[in-house]
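Enquirer:
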Amino acid sequence: MRLKEWTKEEQEPLIQFLTSSVWPYHVNTHPGKELIEKAIEEGGYESDDVKTFWAENDEGEKIGMVQLYDLQDEIPIFDLRIAEKYREKGYGFQTLKLIAEYVFNLENPKIRLEGHTRQDNIAMRKTFERVGFVKEAHFRKAWYVPKENEYFDAITYGMTREDYYSGEKTPLCWDDKKPKRKAPAINWDFATSFESERLLIRIPEIKDADAVYEATVRSAKSLKQFMAWAQNEPVREDVKENLREANANFLARKELRMHLFIKETGEFIGSSGLHNINWDIPKYEIGYWIDDRFEGNGYITEATNRITQFAFEELAAKRVELRCDRDNVRSRAVAERTGYELEGILKNDSLDAAGLTLRDTCIYAKISETTFSH
Numbered sequence: 001m002r003l004k005e006w007t008k009e010e011q012e013p014l015i016q017f018l019t020s021s022v023w024p025y026h027v028n029t030h031p032g033k034e035l036i037e038k039a040i041e042e043g044g045y046e047s048d049d050v051k052t053f054w055a056e057n058d059e060g061e062k063i064g065m066v067q068l069y070d071l072q073d074e075i076p077i078f079d080l081r082i083a084e085k086y087r088e089k090g091y092g093f094q095t096l097k098l099i100a101e102y103v104f105n106l107e108n109p110k111i112r113l114e115g116h117t118r119q120d121n122i123a124m125r126k127t128f129e130r131v132g133f134v135k136e137a138h139f140r141k142a143w144y145v146p147k148e149n150e151y152f153d154a155i156t157y158g159m160t161r162e163d164y165y166s167g168e169k170t171p172l173c174w175d176d177k178k179p180k181r182k183a184p185a186i187n188w189d190f191a192t193s194f195e196s197e198r199l200l201i202r203i204p205e206i207k208d209a210d211a212v213y214e215a216t217v218r219s220a221k222s223l224k225q226f227m228a229w230a231q232n233e234p235v236r237e238d239v240k241e242n243l244r245e246a247n248a249n250f251l252a253r254k255e256l257r258m259h260l261f262i263k264e265t266g267e268f269i270g271s272s273g274l275h276n277i278n279w280d281i282p283k284y285e286i287g288y289w290i291d292d293r294f295e296g297n298g299y300i301t302e303a304t305n306r307i308t309q310f311a312f313e314e315l316a317a318k319r320v321e322l323r324c325d326r327d328n329v330r331s332r333a334v335a336e337r338t339g340y341e342l343e344g345i346l347k348n349d350s351l352d353a354a355g356l357t358l359r360d361t362c363i364y365a366k367i368s369e370t371t372f373s374h
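In full-length UniProt numbering, the protein residues as written are 1 to 374.
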């Protein structure tokens, strides 16, 4: 699926699309050619404030269209239409996800995205909810349909920028008399790369695939001991797919995996990042691995310090955890060198990397009052 921007040169295909289907949950269920032409002429489909997109499936078929309104504002609104022959095939869900991705990655950041539908449009309401939108309003007798001369209830759904990046829904507090916890002040537009004294630390990219593959092959024996993902022999294509997913998760603020490179040479040396994120606190768990060739040079200690600093200073962290196997001496040494405090050892807490025997887990942490080691 993809969104492809509509242009005025495609006026006839747009008219054909809109007049060849019935739109039962829109005010105008059977739009006529003259009305569409007038709307196009007046900028109703393309202007500084409005953009129209085709929704195309993997075969290049135009299965739907999207209009985005109020794009100069911080709170755009959308209208989504799926052609009759493509309804009930999951295209609405896929298209709405693409709309949210487009809006929340615009250069001028948007606070929220909203859409409206009739109360009885159950399919659209389920689509909103599946994508992560929250029902925010119910207007009684607010949707007038001239052809039926009848008023219907209207429903408003919204998605905030924070919910989009966290991948979670923030429940709406309908009883607004109760005190509401203030949301943490997170900078959602944080950088995708930064540096330490010797390292470049950045978001994973597909172009890293060969270097990551070679590093995991070289370091397979040591990685296998404590990394569940390293139990099978690396496959180059699987590495590429994993990087695509890691890049997408970073941009969606679900997991913040980061690759480590020596600034002086550009060599890939390993991976770190922030995982198991809870944006409500916010808290993070830091993890890492290194290519055997670069072990013993203090690179992981340096990366851990810098990423921890990033978590507290840029991501408003209240807590950062570092968890490792009780027998992972090197990982425990990193935690201690970087000033993490051992809060406890959970006995029989997890299985080993191979999933065969029970292991104890050490939990180290820093909280927001903790100072950094540099």
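For each residue, glycine too, the CB sits at the ideal point set by N, CA and C.
What is the DSSP secondary structure of L251, counted as helix, strand or coil?
Expert: In this structure, DSSP gives L251 a helical state, which the three-state scheme calls helix.
Enquirer: Pull up the distance between the alpha-carbon of R306 and that of L260, whole angstroms please.
Expert: Roughly 11 Å between the two C-alpha positions.
Enquirer: If we call anything under 9 Å between Cβ atoms a contact, is Y157 one with H116?
Expert: Between Y157 and H116, the CB-CB gap stays under 9 Å.
Enquirer: Check whether the Cβ atoms of L172 and K126 sit closer than 9 Å, and answer yes or no.
Expert: For the pair L172 and K126, the CB atoms are not nearer than the 9 Å cut-off.
Enquirer: Which residue's Cα is closest to the Cα of T308: G266, L346, S368?
Expert: S368
Enquirer: Would the stretch 93-109 count as touching the stretch 67-81 if we require 3 or more Cβ pairs under 8 Å?
Expert: yes
Enquirer: What are the boundary residues of the beta strand (DSSP E) that includes G344?
Expert: 341-351
Enquirer: How far does the beta strand (DSSP E) with L199 in it reach, from first residue to last?
Expert: 199-202
Enquirer: Quick check: the Cα distance between V320 and N149, rounded to an integer number of angstroms?
Expert: 59 Å
Enquirer: Apply the 10 Å Cβ neighbour rule to residue 396 and answer buried if 16 or more other Cβ atoms are within range, or exposed otherwise.
Expert: Lying outside 1 to 374, the shown extent of the chain, residue 396 is not represented and no answer is given.
Enquirer: On a Cα-Cα basis, can you pick out the residue from R81, I77, A83 that is closest to R112?
Expert: I77
Enquirer: Does any residue of chain B have a CB that is nearer than 9 Å to the CB of L3?
Expert: The question asks about chain B, but that chain is absent: this structure has only one protein chain.
Enquirer: So what does DSSP say about A220, is it helix, strand or coil?
Expert: helix
Enquirer: Please go through the stretch 32-115 and give each complete beta strand (DSSP E) segment of 3 or more residues, from N-terminal end onward.
Expert: 51-56, 62-69, 77-82
Enquirer: Report back the beta-carbon spacing between V212 and F268 to the nearest angstrom; my notes put them in contact at under 8 Å.
Expert: Distance from V212 to F268 at the Cβ level is roughly 7 Å; contact confirmed, criterion being Cβ atoms closer than 8 Å.
Enquirer: Name the two residues that bound the continuous beta strand (DSSP E) containing L260.
Expert: 256-262
Enquirer: When the distance is taken between beta carbons, is Q11 closer than 9 Å to E37?
Expert: In this structure, E37 places its C-beta atom within 9 Å of the C-beta atom of Q11.
Enquirer: Looking at the secondary structure, which residues open and close the alpha helix (DSSP H) in which N305 lies?
Expert: 299-314
Enquirer: Distance, Cα to Cα, R323 vs F250?
Expert: 21 Å
Enquirer: How many angstroms separate the CA atom of residue 379 from the CA atom of M227?
Expert: Because the chain in this structure spans residues 1 to 374, residue 379 falls outside the shown range and cannot be described.
Enquirer: Going by C-alpha to C-alpha distance, which of E61, G355, R198 sits closest to T265?
Expert: R198
Enquirer: Go ahead and pull the three-state DSSP assignment for S331.
Expert: helix
Enquirer: Return the residue from the list V22, D189, D79, F194 that minimises the CA-CA distance to G44.
Expert: D79
Enquirer: Three or more C-beta pairs under 8 Å: does that hold for the stretch 220-239 against the stretch 348-362?
Expert: yes
Enquirer: Specify, as a first and last residue, the run of the beta strand (DSSP E) that F194 falls within.
Expert: 193-195
Enquirer: In whole angstroms, what separates the C-alpha of I219 from that of V239?
Expert: According to the sequence as given, residue 219 is Ser; it is not Ile. Within the model, the alpha-carbon separation for S219 versus V239 is close to 15 Å.
Enquirer: With burial defined as no fewer than 16 other Cβ atoms inside 10 Å of the residue's Cβ, what is the status of E129: buried or exposed?
Expert: exposed
Enquirer: Starting from T265 and walking both ways along the alpha helix (DSSP H), at which residues does that stretch end?
Expert: It is not in any alpha helix (DSSP H) - T265 carries neither H nor E in the DSSP assignment.
Enquirer: Name the one or two DSSP bridge partners that V145 has.
Expert: E150
Enquirer: Measure the C-alpha to C-alpha separation of Y364 and P24 and round it to an integer number of angstroms.
Expert: 57 Å
Enquirer: According to DSSP, is I286 part of a helix, a strand, or is it coil?
Expert: strand
Enquirer: Using alpha carbons as the reference points, say which of E285, E114, D292 lies closest to S222.
Expert: D292
Enquirer: Locate the alpha helix (DSSP H) running through D163, then write down its first and last residues.
Expert: 161-166
Enquirer: Using CA atoms only, rank isn't needed, just tell me which of E285, R118, W54, R87 is closest to L98.
Expert: W54
Enquirer: What does DSSP give as the partner residue(s) for S272 in the beta ladder?
Expert: M258, Y288
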